[in-house]
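According to our numbering, the sequence shown is numbered sequentially starting from 3.
Glycine included, C-beta positions come from ideal geometry on N, C-alpha and C.
Bear in mind the structure is a predicted one, so any value in this text is a computation, not a measurement.
Structure record follows, encoded as structure tokens.
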Amino acid sequence: MDESAPLETGIPAKRRNGGSNPSLSAYSGQPMKKPFLLILSHCLLNQGVRAEGFPFEKKIQEGIHRIIARYHPSLLQMPCPEFSFLGKREKMTYDQYEKLAGFREHCKKLAEEIRDYVRKSDAHCLVIGIAGSPSCSLSRIKVKEEKRKGKGIFMQELEKKIKGEYLDLDYDNPEASLAKVEELLQKLLGT
Ligand code: SF4
């Protein structure tokens, strides 16, 4: 990979990370005030857990890999709440998951496990959700046939437990949403 090239997001890296030590700024190599943790929705690194019928989204996958390669953040890949509850499944809407017995409890339990893990690291967190997901969205959901503003069930539970920054990536708009994540990452890393 050519590390001197700008990311596909269109935002050139201003500096380069000197190593993978999570307590060092990815830009200056100077110690950061607090360690930094990038917390990813599971399917950003493994789209195999998505519901049936979604095509593989190469731009999102490559964009996330480039961001990781460029900034070397400490990482946490969260479990997929839907796959860990149902396994392979058809696409469902927010209201269907709300009615699914035990699903919200399952999301709460996962959120508690992630909170306990994050507490041990005492890190500043950036959580990346998925726009439109009934579980992982931070921006919009689908209720019956209607798209509306709202958060997925898992993210609602996670926000109660983990302080930090939250932002969606959007499978329908990969480049713009990757650019926003990278901008926020640069801000958090103090560039
Ligand atoms: S539930 Fe979340 S992690 Fe699982 S496929 Fe949907 S958006 Fe991805």
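So what's residue i in DSSP terms, helix, strand or just coil?
i           : result
residue 143 : strand
residue 137 : coil
residue 199 : Because the chain is modelled from 3 through 193, residue 199 falls outside the range shown and cannot be assessed.
residue 180 : helix
residue 104 : coil
residue 187 : helix
residue 112 : helix
residue 47  : coil
Considering just the uninterrupted stretch of the alpha helix (DSSP H) at residue i, what are its terminal residues?
i           : result
residue 38  : Not the alpha helix (DSSP H): residue 38 falls in the beta strand (DSSP E), residues 38-42.
residue 167 : Where residue 167 is concerned, there is no enclosing alpha helix (DSSP H), although the beta strand (DSSP E) it sits in stretches over 167-171.
residue 160 : 155-163
residue 87  : 83-88
residue 65  : 60-73
Could you spell out the range, first to last residue, of the beta strand (DSSP E) harbouring residue i?
i           : result
residue 149 : 148-151
residue 132 : 126-132
By the 10 Å Cβ neighbour count, where 16 or more other Cβ atoms means buried, how is residue i classified, buried or exposed?
i           : result
residue 133 : buried
residue 46  : buried
residue 31  : Low confidence applies to residue 31: its pLDDT is 48, below 50, so where it sits in the model is not reliable enough to give any reading.
residue 57  : exposed
residue 107 : exposed
residue 77  : exposed
residue 192 : exposed
residue 190 : buried
residue 184 : buried
residue 92  : exposed
residue 121 : exposed
To which residues of the same chain is residue i closer than 8 Å at the C-beta, ignoring the five residues directly before and after it?
i           : result
residue 104 : 87
residue 96  : 136, 143, 144, 145, 152, 154 and 155
residue 162 : 113
Leaving aside the five residues before and after residue i along the sequence, list all residues of the same chain whose C-beta is less than 7 Å from its C-beta, in chain order.
i           : result
residue 166 : 126, 127, 128 and 129
residue 256 : Any property of residue 256 remains undetermined from this structure, which presents the chain solely from 3 to 193.
Might you give, ordered along the chain, the residues of its own chain that have their beta carbon closer than 6 Å to the beta carbon of residue i, omitting 5 neighbours on each side?
i           : result
residue 179 : 171 and 172
residue 42  : 79 and 130
Q. Of all residues in the structure, which have a C-beta closer than 6 Å to any heavy atom of ligand 1, taken in chain order?
A. 43, 44, 45, 51, 52, 82, 83, 84, 85, 132, 135, 137 and 138
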